[in-house]
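See below for the structure under consideration.
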Amino acid sequence: MSLLSTENVIKKYANHLALDKVSISVNEGQIFGLLGPNGAGKTSLIRIINQITAPDEGFVYFDNVPLKPQHVSQIGYLPEERGLYKKMKIGEQAIYLAQLKGMQKKIAQVKLKEWFIKFEIQDWWDKKVEELSKGMQQKIQFIVTIVHEPRLLIFDEPFSGFDPINANLLKTEILALKEKGSTIIFSTHNMASVEELCDDIALISNGKTILNGSLSDIKNQFKPNIFEIIFSKPFNKMEFAMNSFFELLSIEELRNESLSVKVKLKDPMATNELLSAGIKAGNIISFNEFIPSMNEIFINIVQKEKLKITEN
Amino acid sequence: MDKILFILLREYLTRVKKKSFIIMSFVGPILMAALFIVPVWLATMEDDEKFSVAVLDESQQFYKSLTNTETYTFTFLPEGKISELKKTYFESGYNAVLNIPKDIENPNQKLTLYSDQQIKLSVQSYITQSIEKEIERLRMNEKGIDVKMLDSIEADLNINTIVWTAEGDENESSTELSMAIGFVFALIIYMFIFMYGAQVMRGVMEEKTGRIVEIIISSVKPFQLMMGKILGIALVALTQFLLWIVLTLAIVMTANVLIISNSQSSPSSEMFQNTTPANPDVEKMLENSDSNAANFMKIVYNLPFGMILFSFIFFFIGGYLLYASLFAAIGGAVDNETDVQQFMLPITIPLILSIVLAQTIIQNPHGSVAFWFSIFPFTSPVIMIIRVGFGVPWWEMALSMFLLIITFIGTTWVAAKIYRTGILLYGKKVTYKELWKWLRY
């Protein structure tokens, strides 16, 4: 079930095409990673989903109906460029922002107090924003984004400005929100957190979707079928290399009398053949497949895209 | 719609709770009241100081015409020389020494007043007028003119201006009063548009540079945010205005009771009238309040107050909305204070022009300059309110109001377009060409 989807969304600015027929589908209850290099069009797409701007062409559906103004109360948005009124008291400000999302004042007050206690910042309620550190402000912004319990949450670089402890707290909260059934769109350049959190991803480059699918499918799609086997000596290289299922890439001497042997399988399913060849050649200590990190995939694809563009 | 209300309330409440607002609400009326009170108060205070003059009248003719008053004492010195008096001056206790030369009637001769300080104009004019009068009296006697007869011949005219209305009523009017009311109201409109327009701009810039704006417009439309801010600040302006009126009236009334009534019952007010004929305005004012009080009240009553008040509120709000939306657009377009100037200038020119023209308009409130500038919507809020006191044909008023409404809808539309694009662009230097593009998005 998709909670939010876009269909061939096009957005033009005066001298460039920010989004070129972008279609994504965000499944209910999942964390969706929206990735892409700077200037790819992520923010343009997020602004369209938030109805800050309108698409020139194409459609956006929320809960299977075309996106409407009243949907804003069901969406929570933490923009990358974020701030608060410096001279306003934190409690007042949080209530004001919750009211703009359609919450009743009294309910907002109760919910906000709960969150303030949970984040151990209840003493700040009557302080002004300018008295707080940047990290503290980020906490408040996070609370303000989620307090109206929206069905769809959009986080644009949520971890920027957080120290590792608070970043971890935030990660736990995001996962807890997912547990409770929230759907989350997560835009970031931090690929490690994408691997930790995301179920599905889409990669946008130059306004086009160039990758779209579940994280595990994409990783499988991009794995190079390279395996590393570590043998203890002695190792019979001649016998090991004598077969047609794989090619030998490298042999490396390791400390404590062992060797690291890298091979590339010609048929991705031929792992058993590789193992049996290994057993004959020596004593296997470990057997691993190289899985590319999202970071590697990202860099790989974006660079290929760039090449394509320069060729054209 | 209720979201505009939340925004409006926030804008209003955070501003009226500010210290600067509270201070301005009290300082403003004190300054305005001071404008009315201080000149009168100073005038009454000044003459309370005793001033004694030694008179050396070489002609022996005029010392009698210098009569002593509450504050001035004249001591006649039967004989002596200025050079001797100069030596004893500092021990004598006189504030000044007056020398009347022998042949003072000769036009080339002058009176001389010696003193250790700069002598006040009121003292000088009292002395010269007293002696002039005596010389005139002497000359008339010489030529055989009867002084009493002359008094009966002298004419003293006042002009009464009456406005005929189409309904056949006759209203007594006062040009001075219309001028004063028009000018004060025009000044207030001018000041408030500038002050609160700039507040709108700064508020928008605060949201943009503080990066709050993207959070808010994910909940409300940019137009709602802009209108909520403009209307909220309009309410702040009206609140401040009302406070000023109420407090100024309170201060002036209290001061009236304390100072003016006081000075009128004391002999010094008589002094005031006698010694400062050089200031006809004050005299007229006092005359008005004394002898013509009833007449004056009638004139005040006859002013088209309903019309003045209605058009004041209309042009105040209309002018504010027109300019505030433009100020909001500037705030949305620029990124920092230094870029503001280039966009401020074209907007403030008509506003400044209208206050510069105010003088001309008051001189000739029905001329073609007055007409055209009171129709042109960028100057009409200030110019029309000047004209209202003098009576404006209804069709001119209607045309001016209609154009103002049309124009502020237009500027709001333009401003909203610039605003909604500008607020999301960070760190970009904006040019007029760029703004033109945003209008067509």
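Top line first, the protein sequences correspond to chains S and F. Residue numbering for the first sequence follows our numbering, beginning at 123 and increasing consecutively. Residue numbering for the second sequence follows our numbering, beginning at 257 and increasing consecutively. Backbone N, C-alpha and C fix where the C-beta goes; we use that ideal spot for every residue, glycine too. Owing to the predicted nature of the structure, the values given are computational and were not obtained by experimental measurement.
Residue i: contacting residues in chain F (beta-carbon distance under 7 Å)
{"i": "residue 210 of chain S", "result": "270"}
Contact with chain S by residue i, beta-carbon distance below 8 Å
{"i": "residue 470 of chain F", "result": "yes"}
{"i": "residue 259 of chain F", "result": "yes"}
{"i": "residue 466 of chain F", "result": "yes"}
{"i": "residue 473 of chain F", "result": "yes"}
{"i": "residue 576 of chain F", "result": "no"}
{"i": "residue 479 of chain F", "result": "no"}
{"i": "residue 277 of chain F", "result": "no"}
{"i": "residue 273 of chain F", "result": "no"}
{"i": "residue 685 of chain F", "result": "no"}
C-beta neighbour in chain F for residue i, strict 8 Å
{"i": "residue 221 of chain S", "result": "yes"}
{"i": "residue 174 of chain S", "result": "yes"}
{"i": "residue 187 of chain S", "result": "no"}
{"i": "residue 273 of chain S", "result": "no"}
{"i": "residue 257 of chain S", "result": "no"}
{"i": "residue 329 of chain S", "result": "no"}
{"i": "residue 183 of chain S", "result": "no"}
{"i": "residue 206 of chain S", "result": "yes"}
{"i": "residue 131 of chain S", "result": "no"}
{"i": "residue 203 of chain S", "result": "yes"}
{"i": "residue 144 of chain S", "result": "no"}
{"i": "residue 194 of chain S", "result": "yes"}
{"i": "residue 126 of chain S", "result": "no"}
Secondary structure of residue i, DSSP reduced to three states
{"i": "residue 728 of chain F", "result": "Because residue 728 of chain F is not part of the residues shown, which for chain F are 257 to 697, the question remains open."}
{"i": "residue 211 of chain S", "result": "strand"}
{"i": "residue 241 of chain S", "result": "coil"}
{"i": "residue 257 of chain S", "result": "helix"}
{"i": "residue 138 of chain S", "result": "strand"}
{"i": "residue 272 of chain F", "result": "helix"}
{"i": "residue 149 of chain S", "result": "strand"}
{"i": "residue 379 of chain S", "result": "coil"}
{"i": "residue 335 of chain F", "result": "coil"}
{"i": "residue 325 of chain S", "result": "strand"}
{"i": "residue 124 of chain S", "result": "strand"}
{"i": "residue 432 of chain S", "result": "helix"}
{"i": "residue 247 of chain S", "result": "coil"}
{"i": "residue 354 of chain S", "result": "strand"}
{"i": "residue 407 of chain S", "result": "strand"}
{"i": "residue 334 of chain S", "result": "strand"}
{"i": "residue 158 of chain S", "result": "coil"}
{"i": "residue 632 of chain F", "result": "coil"}
{"i": "residue 431 of chain F", "result": "helix"}
Chain F contact residues for residue i, given Cβ-Cβ distances below 9 Å
{"i": "residue 160 of chain S", "result": "Correct list: empty, because the minimum Cβ distance to chain F is about 14 Å."}
Within chain S, partners of residue i - CB distance below 7 Å
{"i": "residue 266 of chain F", "result": "218"}
{"i": "residue 693 of chain F", "result": "136"}
{"i": "residue 476 of chain F", "result": "222"}
One or two residues paired with residue i in a DSSP bridge
{"i": "residue 353 of chain F", "result": "F/310, F/370"}
{"i": "residue 370 of chain S", "result": "S/385"}
{"i": "residue 188 of chain S", "result": "S/183"}
{"i": "residue 133 of chain S", "result": "S/141"}
{"i": "residue 282 of chain F", "result": "Partner(s): none; residue 282 of chain F has no beta bridge."}
{"i": "residue 305 of chain S", "result": "S/274"}
{"i": "residue 667 of chain F", "result": "Answer by DSSP bridge pairing: none, since residue 667 of chain F is not bridged."}
{"i": "residue 200 of chain S", "result": "S/277"}
Status (buried if at least 16 other CB within 10 Å, exposed otherwise) for residue i
{"i": "residue 172 of chain S", "result": "buried"}
{"i": "residue 204 of chain S", "result": "buried"}
{"i": "residue 434 of chain S", "result": "exposed"}
{"i": "residue 179 of chain S", "result": "exposed"}
{"i": "residue 457 of chain F", "result": "buried"}
{"i": "residue 270 of chain S", "result": "buried"}
{"i": "residue 441 of chain F", "result": "buried"}
Partner residues on chain S for residue i, Cβ-Cβ distance less than 8 Å
{"i": "residue 688 of chain F", "result": "Within 8 Å Cβ-Cβ: nothing; residue 688 of chain F doesn't reach chain S, min ~15 Å."}
Residue-chain proximity (residue i, chain A), Cβ-Cβ < 8 Å
{"i": "residue 682 of chain F", "result": "In the displayed structure, chain A is absent; the protein chains listed are S and F."}
Interface residues of chain S facing residue i [CB-CB closer than 9 Å]
{"i": "residue 262 of chain F", "result": "218, 221, 222"}
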